[in-house]
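Protein chains: 2
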Amino acid sequence: MVEKLSGEARSAALAGLDGWSEVTGRDAIQKRFTFAGFPEAFAFMTRVALIAERMDHHPEWTNVWNRVDVVLTTHSAKGLSRLDVELAAAIDGGAG
Amino acid sequence: MVEKLSGEARSAALAGLDGWSEVTGRDAIQKRFTFAGFPEAFAFMTRVALIAERMDHHPEWTNVWNRVDVVLTTHSAKGLSRLDVELAAAIDGGAG
């Protein structure tokens with residue numbers, strides 16, 4: 001069972017991420033990715049889908065043409081957990 | 001330039017679709033698709049992505065694990081057009 005991040009562990013984890021911000025009114029983080037067009041946006045989504053499936057932790061995400069808005073939170077922890085931070089870093093490292 | 005659907009043409013087009021409903025406050029249609037899990041949901045999205053790209057008309061869509069919420073509207077027509085109805089039918093026929 002993964003636990004919700006809080007206090008210093010949470011601050012340190014968020015400080016290590018690039019371009020992710022906290023979602024207003026939810027214990028979650030978000031980042032917007034913008035691409036040249038739909039094929040590039042969906043190629044990104046496909047890379048993220050494979051990363052997410054391998055981690056068994058999945059994003060909430062919305063795509064409108066060349067834009068992908070990704071929200072990460074951990075439903076079982078009822079908030080932000082290390083899984084979200086790991087997935088965010090993996091997205092930035094291998095799919096962004 | 002594709003035109004916004006209205007009047008009888010609009011009613012007839014919507015009547016021909018299965019499970020699509022009008023979005024409150026927007027000239028758009030929506031449908032929720034639910035699957036066994038994330039791989040099945042993303043497989044559906046991949047099929048829809050190819051259909052959308054071939055039609056050069058793309059959905060606004062959100063995925064949360066096994067669920068995909070699809071919204072169709074035509075930005076250039078500032079509302080629902082025949083492109084949305086064609087894409088809805090293509091999704092139901094070839095990707096649902």
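Taken in sequence, the protein lines are chains B and W.
Reminder that position 73 of the first sequence reads as 73 in my numbering, one-by-one numbering, no gaps.
Reminder that position 84 of the second sequence reads as 84 in my numbering, one-by-one numbering, no gaps.
Glycine included, every Cβ here is placed at the ideal spot set by N, Cα and C.
Just so we're clear, the structure is a prediction, and the values are computed from it rather than from any experiment.
Inset, instruction - Look at the alpha carbon of W/Ser-11 and the alpha carbon of B/Gly-94, and state the distance between them as a whole number of angstroms. - result: 46 Å
Legend entry - CB contact check: B/Glu-86 to chain W, cutoff 7 Å: no
Legend entry - Chain-ordered residues of the stretch 26–56 of chain W with a beta carbon less than 8 Å from chain B: Phe-38, Pro-39, Phe-42, Met-45, Thr-46, Ala-49, Ala-52 and Glu-53
Legend entry - Short-range partners of chain B found in the stretch 60–78 of chain W, where Cβ spacing is below 7 Å: Glu-60, Trp-61, Thr-62, Asn-63, Val-64 and Trp-65
Inset, instruction - Go ahead and pull the three-state DSSP assignment for W/Val-85. - result: helix
Inset, instruction - Can you have a look at W/Glu-60 and say buried or exposed, based on whether 16 or more other CB atoms are within 10 angstroms of its CB? - result: buried
Inset, instruction - Throw me the rounded Cβ distance for the W/Ala-77 and W/Leu-17 pair, which I believe falls under 8 Å. - result: No, W/Ala-77 and W/Leu-17 are not in contact; Cβ-Cβ is about 17 Å, not under 8 Å.
Legend entry - Contact under 7 Å by Cβ, W/Val-2 with W/Leu-83: yes
Inset, instruction - Give the straight-line distance between the Cα atoms of B/Thr-74 and W/Pro-39, rounded to the nearest whole angstrom. - result: 18 Å
Inset, instruction - Go ahead and label W/Ala-9 buried or exposed: buried means 16 or more other beta carbons lie within 10 angstroms of its beta carbon, across all protein chains shown. - result: exposed
Legend entry - For W/Thr-34 and W/Trp-20, the rounded distance between their alpha carbons: 14 Å
Inset, instruction - Give the straight-line distance between the Cα atoms of W/Leu-99 and B/Ile-91, rounded to the nearest whole angstrom. - result: Here chain W has residues from 1 to 96 only, and residue 99 of chain W is not among them.
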